[in-house]
Every structure is written in C-alpha cells, then in structure tokens.
Amino acid sequence: MKHMSKKLLHTPEGVRDIYGREYARKLEVQARLHASIQSYGYEDIQTPAFEYFDVFSKEIGTTSSKELYKFFDKENNTLVLRPDFTPSIARCAAKYFMETKEPLRFSYLGNTFTNTTKLQGKLSETTQMGAELINDPSVEADAEMISLVIAALQHTGLKQFQVTIGQVEYFKGLCQEAGLDEETEYDLRDCISAKNYFAAQELLEERNVQEPYKSVLLKTADLFGNMTSLTEARELVRNARSLAAIERLEQLYEVLKLYGVEAYVSFDLGMLSKYNYYTGVIFKAYTYGVGDAIVKGGRYDNLLHQFGKEAPAIGFMAVIDELIEALDSQKVELPLPAEKTTLTYRAQDKADFAQKLAQAQVLRAGGQAVALVAQQD
Amino acid sequence: MTNDRYLTFALGKGRLANKTLELFEEIGITCEEMKDKNSRKLIFVNEDLKLRFFLAKGPDVPTYVEYGAADIGVVGRDTIVEENRNVYEVLDLGFGKCRMCVCGPASAKELLQHHERIRVASKYPNIAKDYFYNKKHQTVDIIKLNGSVELGPLVELSDVIVDIVETGSTLRENGLEVLEEICPLSARMIVNPVSMQMESGRIRELVAKLRTKLEA
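Keeping their order, the protein sequence lines are chains R and Y. 1011 is the number of the first residue of the first sequence in this note's numbering; add one for each residue after it. 1293 is the number of the first residue of the second sequence in this note's numbering; add one for each residue after it.
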C-alpha cells in the first residue's frame, strides 16, 4: 500500500510542480511583463487550451505534428493542446473582428504544450506570454513590438540582453535574383540559419550556383552585427526585394532610436528560422544563462489569410520559464510579497478563536496576509 | 557586452582535443595548464585571454554547447549528426577525417538492393535510422551497440553495421567491407546560438582566424 502511494507522487516527464518562493517569483515576473505590455495599450485575451488540429496544422503552425499532444473528442475530431498562442489569436481575430480595419492589440498569458521527449531536460509544459498587433503593416508597428520586448525585459530587471533583428525578404530576394530552385533555396536556408558556412559552400558548389551569386549567398551566413552589416548587405545585392528589406531595417532602426533602445539592437540577415511563416522582420532576444532565445517574434502577414481575413500582423512571445532561468543565473533580485502573519488561537477555545478572528479580519482588511492557526495544547 | 566573461570550450576527449589545441596554438591561443598530463583538474583556464577549456566525452559535447554550459565545442561530425542538437556548426577543422559507412560481409551487399527488412547494428542509431528510412526507404531493425560493432555480423547479431571507417583495416581483418558510404566526417567546431549573438565579436574573430589558418 505504502509503495503504491509513493508512486502516485510522481509527475510525468516534462511537467512539474511550481510552488513557494519559486512560484511567487514567477508571478512577479509575469506581472511585470504584463504591466509593460498593458502600458502599450494591449488588451488581454484568453483562448482555449485545446483546439481543433487544423488550427495548428502544417500550413498554419510552427510546431511539427509529431510534437503536438493530440486526442479525440466524442465525435472523433482530432484535438490538440496548444503548442503556442499565435494561431489561436489569429483565429480569434478573424472570427470576431473580420470587418475591423483598425489596429487590434492583443496580449496573452498561459501554458503551452509540446511533446518533445528528444530534448532531455526541456519542459513539455511551458508558460508563454506575448502580444500581437494586427492590422498594422507599418514600420512603426515593427518598432513598437521590438521596443515593447525591450521595455518588458528591462522591467523584469534583466540587464544583459540583446535583441537581434533579421528580415527574411533579404534572403528570399537574393535567391530569386540568383534563380535558385525551391529545393536549393530550402537546403541553403537550413545551412545559413545554422551558420554552417562550409555546408553552404559545399551545397552551392554541388548545385552549380554561379558567381557572383555563390559568394553573395555565402556571405549572408556572415551578415550579422551592427548597422554596418546592413550597409555591407546593401552593397551585395541589386534586386528590389532585398533592397526594400534593407531599407525597412534602416527605417526600423531610426524609429527604435526615437524609443531610445538602439543600444539593445543588432542585426542578423542569416536569421531565417520558421521561414515560411514569417514574411518580413523577424527578431529574437538573447541573454546569458539560457541556451536559447528567451523571446521570439516577427511579422507574419499571411497567417490571418489562413482564417479568411486579409490582415498584416506582428507579434512576439516570451518563454517565462526560460526568462526566469536567465534572471536566476544573473542573480536578479525581485521583490517578493511580504511574509504572511501567523495568528494562533487555542484549539477548542471559542472565545480565543473569536478574538483572534476579529484581529485577523482587521489586519486582512488592511491588506496584510494573515493565516489563522489552531494551536493544540 | 562585458569582456570579463570567460569563453568556455568543450573539447571531445582524446586525439581530437590534442589536435584542436595544436591548431589553437598556431593562432596564438595556448593553454599551458592543459599540457600537464598529471593534472587532475577538470577545467583549464587561460586568464589573459579569458578562456576556459574542459574535456568531455564526445557525445556530451553537443549537449554542453546546446545548453550554453560551453560556448564553443569541438567534436566529430558523427556525434553532431547523431545527437542532432540545436547548435551552430561553424567550421570544418579538417582533421579526424573518416567516413560513416554501411559495412558487412560481401554477401550482405545483395540485402541492400531491396527494401526488405534487415538488421543493422550501430553505435549511431539515429544516423542509421535516418539513412535507411529517409534515403534508402528500407525497413530496418536497429540494434544499438556500444563498441566493437564489427562483431555484429560475425556472430550473426545483425546483417550489416553502420559505423565510422578510417582506414578499413579492422574491417578487412574480420572479413568485412564497406558496402555503402553514408557521409564524410571530420572534426567540427560548434557554437551555442546565444553565445554567437552575445559574444559575436570574440567568436567571429576566432572563427575568422581559424578559417584563414585552415585555408592557408
């Protein structure tokens, strides 16, 4: 019997309990991010934890079907636990705001689920917070989103971080100019986004890509850093698509200067992840203490089309658990709620209980946390 | 960002680590501490350049780098492909050249011509699976072994093996041969994606120096 009940205490791999100080810290970080997002006029939105499979299908989502938690409803529809929020928000916007042309600002917070057993040590359930700005194609919208990320991270007390910005159109324009077929473009994208310079070199030689394109394409793996990397990138291309991409980034940088956040920003034109999903600016926030980006985001002007609404959109998502790991490793202190007061009364002593209760109620009304505890004789 | 942060290297134990240190020395990066063979230290430091080195078992190197416990790793391509971690593979160091191959007795050649189910023993189950499933579209049973994989066909545990071939002498001595080549291998430098952004100046300088040295 005893053995059996011990077994019940375990949680499945990839999920865990969060309690005590750790949870208080998590709530504080969430509150701070939320306050920043709200200060930009974003409205909270809650979507269901599971939806129809199609909402997260290959054409729409960024998580491969293998990594989705799937199950069936009574009518045998396939349901999916959300791996992220963006498709749900897009669905919501299309459903309730089909005719709206004005910008829509949404913010969300909740747990997401990915079935990744391969990555030992990574959680299957993580908390994400993010914001989406729909119906605004402007560079000001791009800048708002990036500045918001920086403001929110600053507000949590994180100091050493950096937001790297890319523009997928630059690479797409370049592939078009070089006349690459789709397969080569995809293979090359994989090499370049992994900064795998020599694999890119091998690929370009194997597929007989001619100069000057061979060298130019190869260079994109190396095009990252400050503003000079953009100047360098501009000189490499002649096609309108790539040039427009560079111009957009330069305009973006000007607006970011108005926000006064340019010190946090760098550029990387080889950042090409989730390539078919993002249509323009794409960005990631990096910091010490975690192995991956803590914030990811970008412009996805085609996503709402999947739900029948033609609307440009840009958004970001922060992984709260990773952010907290970074804050821990950087030893950032956050104010935690005041310790609770404990009032004890003698068990079975009704008069004493009544007196302590009255006292507790006064303290509680005054905003203190009070626990009323019976003391056994 | 800050310059007082150490840049940490995880090196695959053995010949690979020695070759790497030789190469690093040629571009002016030394680690005297590591040359002391009697040292029991696990982490070696170069204070002037703010570098730290440690030795790890090959398959662990991509893990250290993925989690950012090391900024940079040096390990064979076989391990990188097998572990399939989220790391940047930035440089081919050129040494440790060999091939990943399907090997077996000559009689097993026939078995690879069809899509029939065969048994494959390997230290690299992921590489073997990817090759047979996605490239050859052949059904296989994969048996994971931890060493002396050549024994597989000899004692009839498996039909063929997937393993690294350098000279092929072990194979020949045991009556086995290379049946198919999967991919060429050599030592690679891998970088954590966050480090690549946060320490881009130092890492790119290092990569550029090494690249010039290797091309010379």
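For glycine and all other residues, C-beta sits at the position ideal for the given N, C-alpha and C.
Residue 1484(Y) reaches chain R at 1301, counting residues in chain order whose Cβ is nearer than 7 Å. Among the CB atoms of chain R, one or more fall inside 8 Å of the CB of residue 1492(Y). Not a single CB atom of chain R sits nearer than 8 Å to the CB of residue 1425(Y). Taking 8 Å as the CB threshold, residue 1341(R) stays off the interface with chain Y. As DSSP reads the structure, residue 1080(R) sits in a beta bridge with 1090(R). Within chain R, no residue has its beta carbon less than 8 Å from that of residue 1296(Y); the closest one is some 12 Å off.
Under the 8 Å criterion on CB atoms, residue 1359(Y) is classed as interfacial with respect to chain R. Between residue 1180(R) and residue 1243(R) the beta-carbon gap is near 7 Å, inside 8 Å, which marks them as a contact.
When the beta-carbon positions are compared, residue 1394(Y) and residue 1354(Y) stay at least 8 Å from each other. Per the DSSP secondary-structure output, residue 1338(Y) pairs in a beta bridge with 1343(Y). In this structure, DSSP gives residue 1499(Y) a helical state, which the three-state scheme calls helix. Interface flag for residue 1183(R) against chain Y is unset, since no Cβ pair is found closer than 8 Å. Taking residue 1298(R) as the centre and dropping the five residues before and after it, the same chain places the C-beta of 1170 closer than 6 Å to its C-beta, in chain order. Judged by beta-carbon spacing, residue 1096(R) lies within the 8 Å limit of residue 1325(R), meaning their Cβ atoms are closer than that value. A residue is called buried once 16 or more other Cβ atoms fall within 10 Å of its Cβ, and residue 1019(R), having fewer, is exposed.
When C-alpha distances from residue 1447(Y) are compared across 1337(Y), 1468(Y), 1403(Y) and 1428(Y), the shortest belongs to 1468(Y). Shown in chain order are the members of the stretch 1371-1386 of chain Y whose Cβ falls below 9 Å from a Cβ of chain R: 1376, 1377, 1378, 1379, 1380, 1381, 1382, 1383 and 1384. If the five residues before and after residue 1339(R) are omitted, its C-beta is found closer than 8 Å to the C-beta atoms of 1298, 1299 and 1300, all from its own chain and listed in chain order. Beyond the five residues adjoining it in sequence on each side, residue 1367(R) comes within less than 7 Å, by CB distance, of 1382 in the same chain, given in chain order. Beta-bridge annotation (DSSP): residue 1142(R) is paired with 1116(R) and 1325(R). Taken through DSSP and simplified to helix, strand or coil, residue 1475(Y) comes out as strand. Minimum Cα-Cα distance from residue 1277(R) among the listed residues 1269(R), 1296(R), 1270(R) and 1289(R) corresponds to 1296(R). CA-CA distance, residue 1059(R) to residue 1028(R), rounds to 19 Å. Not one beta carbon of chain Y lies nearer than 8 Å to the beta carbon of residue 1122(R). Apart from the 5 residues on each side of it in sequence, residue 1240(R) sits with its Cβ closer than 7 Å to the Cβ of 1256, 1259, 1260 and 1277 in its chain, given in chain order.
For a Cβ distance threshold of 7 Å, residue set 1489 and 1490 of chain Y lies close to residue 1172(R), ordered along the chain. As summarised for the stretch 1142-1215 of chain R, the continuous beta strand (DSSP E) elements at least 3 residues long and confined to that stretch are 1171-1177, given in chain order. Residue pairing by DSSP places residue 1447(Y) in no beta bridge whatsoever. For residue 1298(R), the residues of chain Y that pass the 7 Å Cβ criterion are 1490, in the order they occur in the chain.
In the structure shown, the three-state DSSP call for residue 1102(R) is helix.
Using a Cβ-Cβ cut-off of 8 Å, residue 1234(R) counts as an interface residue toward chain Y, since at least one Cβ of chain Y sits closer than that to its own. DSSP, reduced to helix, strand and coil, places residue 1108(R) outside both helices and strands of the structure shown, so it counts as coil. Remark: three or more beta-carbon pairs, one from each stretch, lie closer than 8 Å, so the stretch 1369-1377 of chain Y and the stretch 1341-1357 of chain Y are flagged as touching. With contacts defined by Cβ atoms closer than 8 Å, residue 1437(Y) and residue 1413(Y) form a contacting pair.
Excluding sequence positions up to five before and after residue 1388(Y), its CB lies within less than 8 Å of the CB of 1307, 1308, 1311, 1368, 1477, 1478 and 1479, all in the same chain and listed in chain order. Put simply, the CB of residue 1243(R) is far from chain Y, with every gap to its CB atoms at 8 Å or more.
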